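In this note's numbering, the protein residues as written are 48 to 335.
Using N, Cα and C, we set each Cβ at its ideal position, and we do this for glycine too.
None of the values given here were measured: they were computed from a predicted structure.
Note sheet for the following structure.
Below you can see the structure in the form of structure tokens.
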């Protein structure tokens with residue numbers, strides 16, 4: 048058990064280390080690389096790298112470290128260097144959750160809508176700066192974690208009582224089971240929203256006018272209005288949407304609708320759930 052945890056932890060740490068180095072190089076040379084392959088393709092690569100490789104490997108490292116602390120004599124607070132590692136790990140999670148992740152999702156959402164160099168150019172540039180700054184901060188945190196794990200500075204603090212340790216093991220197992228179950232249920236629900244089928248509309252059968260539609264998800268009612276003229280969608284107006292960054296990025300779907308000339312399109316990458324809800328509201332507008 049101990050050997051498996053240790054091997055898994057080291058392997059994941061190496062994957063994370065290499066991925067961080069690649070990410071930093073990509074972000075530093077973004078202007079050149081994006082010009083070569085396109086901004087949306089570049090943002091998609093970064094999006095999938097951060098939200099798959101970095102996200103899951105970091106999460107797995109935390110889980111293995113947690114299990115290692117519970118089921119081995121190392122513990123959580125037995126050594127000074129372990130305490131520092133947990134502080135850094137929590138800091139890394141906060142940086143990812145509140146800064147790095149939103150920057151990555153915002154960039155890919157804006158470029159996916161095709162407006163990164165026009166309407167929201169200023170916001171796109173600000174998010175690009177955030178990506179660089181918080182990528183560096185995150186890499187510094189990971190580098191410190193690796194160094195501390197290798198050199199183990201500081202003194203031993205205390206030994207954990209055996210009875211307390213068994214109690215902690217039981218609590219951890221219960222929390223892990225509950226956490227995995229909750230994650231699976233949420234993933235299944237989000238998957239159903241993100242893969243909603245949106246019907247294509249035959250605009251030749253639609254008269255000129257303004258069409259209002261709504262769709263309710265998670266207890267919130269999304270509203271959208273579309274204007275049809277000469278059997279073409281000439282205007283899309285988001286009337287009611289959630290008030291957060293991801294919902295704001297999802298509004299780029301209106302530019303994709305006008306460009307495609309229909310509502311049977313892909314959602315906005317980085318804001319897929321909300322953009323799909325808005326597309327369903329648009330579909331309902333024509334169903335009436």
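_Quick check: the segment 318–327 against the segment 231–242, are at least 3 beta-carbon pairs closer than 8 Å?_
In short, these stretches touch, since the Cβ pair count reaches three.
*How long is the line joining the alpha carbons of residue 27 and residue 82, rounded to whole angstroms?*
This structure cannot settle anything about residue 27, because the visible part of the chain is limited to 48 through 335.
*Just curious, the beta strand (DSSP E) that residue 101 is in, first and last residue?*
Residue 101 -> no beta strand (DSSP E), and no H or E assigned at all.
*asked:* Which residue wins for smallest C-alpha separation from residue 139, given the options 267, 191 and 153?
replied: Ranking the options by Cα distance to residue 139, first place goes to 191.
*Counted within 10 angstroms of its Cβ, other Cβ atoms place residue 265 as buried (16 or more) or exposed*: It counts as exposed.
*C-alpha distance - residue 278 paired with residue 178, whole-angstrom precision*: 42 Å
*Please report how far the alpha carbon of residue 155 lies from the alpha carbon of residue 127, in whole angstroms.*
40 Å
*asked:* Tell me the DSSP secondary structure of residue 152 in three-state form.
replied: helix
*asked:* Please report the distance separating the alpha-carbon of residue 87 from that of residue 134.
replied: Approximately 35 Å between the Cα atoms of the pair.
_Where the beta strand (DSSP E) through residue 280 begins and ends_ = Residue 280 -> beta strand (DSSP E) spans 279–287.
*Please determine, among 301, 312, 170 and 182, the residue with the shortest C-alpha to C-alpha distance to residue 273.*
301
_C-beta neighbour in chain B for residue 136, strict 7 Å_ = Reference to chain B is not applicable here, since this structure consists of a single protein chain.
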